[in-house]
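First the structure, in the form of structure tokens, and then the observations on it.
In our numbering, the protein residues as written are 7 to 460.
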């Protein structure tokens, strides 16, 4: 069996495992969202979504993509049995996540304090938002995901996500039966966040204790150590991912401020339906990145290009089918989920699905660009597109309401996709001309140092 075929088998075996868990999670999400809307009504459900988005905004703005750093700098040490060096990399990642958690708490509280008066929330609603912001530090488990992916323990991801979603569904059904209000639903949401965080941390620490004899608090004994280029690499990939993630929640807040909580709920749910439709295919991303790192370390540039292009072609075919499905059944999906009728939902969902598909097609391109030293291209493009997206979203939402919000979101996703496609084509042409990619391999090593020196 060739290395490329072996890589394909590894990728799709792990993706299949993640997909089973994601299907269970999606089913539970379908149930708890439907009953939350029926219990609260569309306006109060929109309030719930906005409060959650405020906390998520603080969390995503502070996140550092330490799981990528752990794989990028710890992979060789982990597989070669150099546990001393591996523990140093893990410690660095844990410290960064600890600091980002503190920043997440501060940012979430500040965002609530600034946003709540602008939309006229009552004292009770502001208090709920401030209390919920306190769970923001526990909304991200970066280093834990890095450990699970590096150790190949992908089966623990669907187990964790499945248990969390099932517990959340049970809590919502109980709240629905007891006719509880927004505060109780926020408590259920917060409990799910804490449970998810605790389970991921327990699994990751179990692996570290068994493989590397490592305890959590060991990470805080040597604050000064960091590997060459680690911080610059982390900063680059984090800025790219933070802008991508934060834009989702900030967009919801902008729509809520411009046209109301009910419309914000419709916008968020349409986006969530679109994201949910493409989620199984997006599960390739966390599996693909470690495999591309291994191929990069072997200098197998031709195999790396072959795997990337093959997955891109598969995702393109899936996308065409999903567009047809949503155009036919989009409004039925929305009505079944929220149990309310809203005009033009098929159009909204189709537009959001197109945006989600552009994000889906980035899945094989983005890790390719990172491992071939084109991280700077990703970061600059993401910053540029985001700077254009928020003003465009504000203006288009103001004048064209939900239609304008969907169009701005679609244009933003298309812009990022086109830039990634250009970068991938450049890499492919260079490889075709030279037969190897020594320049790209060198760029991957030197790029962080260059960024760190700017």
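Glycine included, C-beta positions come from ideal geometry on N, C-alpha and C.
Residue i, enclosing alpha helix (DSSP H) - first and last residue
i: residue 131; result: 129-139
i: residue 6; result: Because the chain spans 7 through 460 in this model, residue 6 falls outside it and cannot be assessed.
i: residue 147; result: That residue, residue 147, is in no alpha helix (DSSP H); it is neither H nor E in DSSP.
i: residue 84; result: 72-86
i: residue 126; result: Segment: none, residue 126 is in no alpha helix (DSSP H) and carries neither H nor E.
From the options, residue whose alpha carbon lies closest to that of residue i
i: residue 213; options: 412, 260 and 152; result: 152
i: residue 222; options: 387, 56, 182 and 103; result: 103
i: residue 404; options: 431, 204 and 257; result: 257
i: residue 185; options: 47, 325, 227 and 382; result: 47
i: residue 127; options: 266, 81 and 33; result: 266
i: residue 318; options: 307, 372 and 399; result: 372
i: residue 323; options: 302, 364 and 307; result: 364
i: residue 272; options: 40, 327 and 395; result: 40
i: residue 254; options: 124, 407, 329 and 399; result: 399
i: residue 224; options: 421, 96 and 33; result: 96
i: residue 421; options: 407, 389, 402 and 408; result: 389
i: residue 414; options: 395, 278 and 379; result: 395
i: residue 87; options: 156, 38 and 125; result: 156
i: residue 145; options: 195, 52, 313 and 211; result: 195
i: residue 124; options: 355, 391, 261 and 423; result: 261
i: residue 407; options: 356, 269 and 367; result: 269
Presumed contact (8 Å Cβ cut-off) between residue i and residue j, rounded CB distance
i: residue 178; j: residue 191; result: 7 Å
i: residue 110; j: residue 164; result: That belief does not hold up - the Cβ atoms of residue 110 and residue 164 are roughly 26 Å apart, past 8 Å.
i: residue 57; j: residue 134; result: 6 Å
i: residue 377; j: residue 298; result: 5 Å
i: residue 199; j: residue 54; result: The pair is not a contact, with the Cβ atoms about 14 Å apart (cut-off 8 Å).
i: residue 275; j: residue 381; result: Wrong, their Cβ atoms sit about 34 Å apart, outside the cutoff.
i: residue 132; j: residue 122; result: 4 Å
i: residue 31; j: residue 252; result: Not a contact, Cβ separation roughly 22 Å.
i: residue 60; j: residue 118; result: 5 Å
i: residue 93; j: residue 218; result: 6 Å
i: residue 361; j: residue 250; result: Going by Cβ atoms, the distance from residue 361 to residue 250 rounds to 12 Å, so no, they are not a contact pair.
i: residue 115; j: residue 136; result: 6 Å
i: residue 325; j: residue 387; result: No, residue 325 and residue 387 are not in contact; Cβ-Cβ is about 21 Å, not under 8 Å.
Simplified DSSP assignment, three categories, for residue i
i: residue 429; result: helix
i: residue 167; result: helix
i: residue 306; result: coil
i: residue 69; result: coil
i: residue 205; result: helix
i: residue 252; result: helix
i: residue 275; result: helix
i: residue 316; result: helix
i: residue 221; result: coil
i: residue 247; result: helix
i: residue 415; result: helix
i: residue 399; result: helix
i: residue 228; result: coil
i: residue 185; result: coil
i: residue 157; result: coil
i: residue 266; result: coil
Proximity test, residue i beta-carbon vs the ligand COA heavy atom, cut-off 6 Å
i: residue 220; result: Ligands in the displayed structure: none, and consequently the ligand COA is not present.
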